[in-house]
Every structure is written in structure tokens, then in C-alpha cells.
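Peer 1: Residue numbers (this note's numbering): 2 to 160.
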Amino acid sequence: MMKIRIWLLKLLLIASVIAIGAFGIGLIPSFPGVMVRDYQWPVAAWAFTLGAAVAVVSYWLAAFIAWHLLDCITANAAFTQRAVTLIIRLKWAVGAMALGLLVCLPQWYRMADHDDAPGVMVIGLGFFAIPAIVWLFLAILQQLWTTALAYKTENDMTV
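Dropping the structure here:
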């Protein structure tokens, strides 16, 4: 049953990478021109484009690391140093994604102000908050995993 769940997670990872890739390749290159034309603030438009590109690349990296973490779980090596290292790398990839989306916030503000739609700013904050919360969760998970690994290593030495 666990193999089916992991297989499903890997399938969802592939689908999400394809969807984010289509977004990144299809839409991000057109962002600066449209935003400069509509909102007349080139610095924020280019920052938005750069931040979105960083977020997409960081997402791809996080998906790649998550794939390897799922492989670790499949091999019954979840509580190993390799798994802890993968969680640390995943934490930093998600953190880079959050920072990329943070750079996008000035343009979200400009769009909300220009269109007199405060909900647009809430959407932008939501895009930033989700990876920021996952980043924090992964930092806590890293500490828990490290502690569990230390207990496991201590018990293995005792026996």
C-alpha cells in the first residue's frame, strides 16, 4: 500500500513540474512587457519577472529533492543521514522559492493599487505565505528528524 502512495506522490510531482514548467516557459517571458505597459513601473515589473523565475527554478529543484526523499522512504532509509541532508536541501529550495515570491510583492501592490482591488494584494501575500510556512515546517521537521536519527543511532550502538 505504501508503494502505491509513493508512486502516486511521484506522479503528482511529475504533473506539478510539467504545470509549473508550462507556466514558467509560457508566461514569465511576457511579464515585463505587459506589466510595464499596464502599470508603468519597470523596476517592479522586472523584479516580479526575476522573482517568478527564481520561484519556478526553486520549485523544480524542490521537486527533484522531494523525488529523492521519496526514493529514500521507498528504500526504508527514512531515518538516515541522507534523508536529513535531503530535508535540509529541500528546506533551502523552498526558502529560495519564498524569497523569489517575496520579490514579487511590490508589483502585486502596484496591481492592487492601480486596479483598486485590495484582494489582489491578498493573493500576492498568499503566494508568498504558502512556501514561507512550508519553509518553517521543514525547519522544524529537520530538527525532529535530526533528533530521531540521534536516538536511532544511540539505540543501534546500545544493541
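Ideal Cβ placement from N, Cα and C applies to all residues, glycine included.
In angstroms, rounded to a whole number, what distance separates the CA positions of K4 and D116?
Peer 2: Spanning the two alpha carbons is a distance of roughly 49 Å.
Peer 1: Is W42 helix, strand or coil by DSSP?
Peer 2: DSSP places W42 in coil when its eight states are reduced to three.
Peer 1: Classify D117 as helix, strand or coil using the three-state DSSP reduction.
Peer 2: Coil.
Peer 1: By how many angstroms is the C-alpha of P119 removed from the C-alpha of I88?
Peer 2: Spanning the two alpha carbons is a distance of roughly 36 Å.
Peer 1: State the DSSP-derived secondary structure class of N156, mapped to helix, strand or coil.
Peer 2: Correct three-state label for N156: helix.
Peer 1: Going by CA-CA distance only, name the one from W8, M36, L70, W47 that's closest to L139.
Peer 2: Checking every option, the nearest Cα to that of L139 belongs to L70.
Peer 1: So, do the region 108-115 and the region 76-95 have three or more beta carbon pairs nearer to each other than 8 Å?
Peer 2: At 8 Å Cβ cutoff, the stretches do not touch.
Peer 1: When the Cβ atoms of the region 8-28 are set against those of the region 94-101, are three or more pairs found closer than 8 Å?
Peer 2: Contact between the region 8-28 and the region 94-101 is absent, because fewer than three Cβ pairs lie under 8 Å.
Peer 1: Assign T86 to one of three DSSP states: helix, strand, or coil.
Peer 2: Three-state DSSP puts T86 in a helix.
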